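**Q** Our numbering numbers the first residue of the sequence shown as 4 and each following residue consecutively. Don't be surprised by glycine CBs; every beta carbon is placed ideally from N, CA and C. All values derive from a computational prediction rather than experimental measurement.
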Amino acid sequence: MRFTDFTAFDLVLLAQGLGVNLALFLGTSLIGLVIGIAWAIVRYYCVPVLSACITFFSELLKNSPVLVQLFLVFFGLPGLLHIRVTPVTAAAITLSANTAAFVYVIAVSGIESIGRDQLEAARVFGLSRRQVLRHIVAPQAAAFAVGPLIALLVNQLQVTSLISVIGVVDLTKIGNILNMRTLKPFVVWTAVGLLYFAAAKLVAFVGSRFEKRLRAHSAWRGL
């Protein structure tokens, strides 16, 4: 067997690399969703200074390259704060914050899509702001935002391919290693691309099923 040949173990390496991407994607997406929704709730309650700070921070994250954010967290924070940041930790922090920024924008758009007449009617009937948020704003905003959120999550899965540049041994890093070893870039990067494509289609499929169920539930409740 020549040094440049593929082996059966290469499939295991590719699967392990994809597992790293999926694990980081799932973890950072969950953290980003929680933080982004929390930011949107702060905006809903109009907390003066905090709302402005959150809006500024989300705009900064949304409108700067993720790769630059990765470098700032991985190389900048250790130099500034004199702490040790591992590649996985840097990737988790960056992707979570970036996801939260986009979730915040989507959640705010969902909240603002609700007609003012519904909110005013709810207050006439004596509902508190918390009750309005729980029973009127949240269900309708979720139904509005689920489509954009699915598109965001598919995009964030693709963004995980950038984490290899700071040393995380993910699918892209494994692909680069196999490419240098086999000298067959077309085969290697086609396989890597197909694995990302399959993962993205799975996320889109699960998201579309969830969207249908959520919309059906909202329609049944007359929302």
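Got a sec? Which residues, its chain only, sit under 7 Å from Thr193 by beta carbon, not counting five neighbours each side?
**A** Against the sequence shown, residue 193 aligns to sequence position 190. Once the five neighbours on either side are set aside, Thr193 has no close Cβ partner at all.
**Q** Sorry if obvious, but does the Cβ on Thr89 come closer than 7 Å to a heavy atom of the ligand FAD?
**A** Of ligands this structure carries none, so the ligand FAD is not represented either.
**Q** Across the stretch 69 to 78 and the stretch 130 to 143, are there enough close Cβ pairs to call them in contact, namely three or more that are closer than 8 Å?
**A** no
**Q** With 16 as the cutoff for other CB atoms within 10 Å, does Thr10 come out buried or exposed?
**A** Against the sequence shown, residue 10 aligns to sequence position 7. So Thr10 counts as exposed.
**Q** Please classify Phe105: does DSSP put it in a helix, a strand, or coil?
**A** Residue 105 sits at position 102 when you count from the first residue of the sequence shown. Helix, per DSSP.
**Q** Using a Cβ-Cβ cut-off of 6 Å (strictly less than) and excluding sequence neighbours within five positions of Asn24, which residues of its own chain qualify?
**A** Along the sequence shown, read from residue 1 onward, the residue named residue 24 stands at position 21. Only Thr163, Asp173 and Leu174 meet the Cβ criterion.
**Q** Assuming Asn101 and Leu64 are in contact, meaning their beta carbons sit under 8 Å apart, how far apart are those beta carbons, in whole angstroms?
**A** Translated into the one-based positions of the sequence shown, residue 101 becomes position 98. Translated into the one-based positions of the sequence shown, residue 64 becomes position 61. So it is a contact: roughly 5 Å between Cβ atoms.
**Q** Assuming Ile3 contacts Val106 (C-beta within less than 8 Å), just tell me the rounded distance between them.
**A** With the chain covering only 4 through 226, there is no way to say anything about residue 3.
**Q** Write down the C-beta distance between Ile109 and Leu155 rounded to the nearest angstrom, noting that I regard them as a contact closer than 8 Å.
**A** Taking the first residue of the sequence shown as 1, we reach residue 109 at position 106. Taking the first residue of the sequence shown as 1, we reach residue 155 at position 152. With 8 Å as the limit, Ile109 and Leu155 qualify as a contact, their Cβ atoms being about 7 Å apart.
**Q** Of the choices Phe77, Ser61 and Ala104, whose alpha-carbon is the least far from that of Ala94?
**A** For the purposes of this step, residue 94 is taken as residue 91 along the sequence shown, with counting starting at 1. Cα-wise, what sits closest to Ala94 is Phe77.
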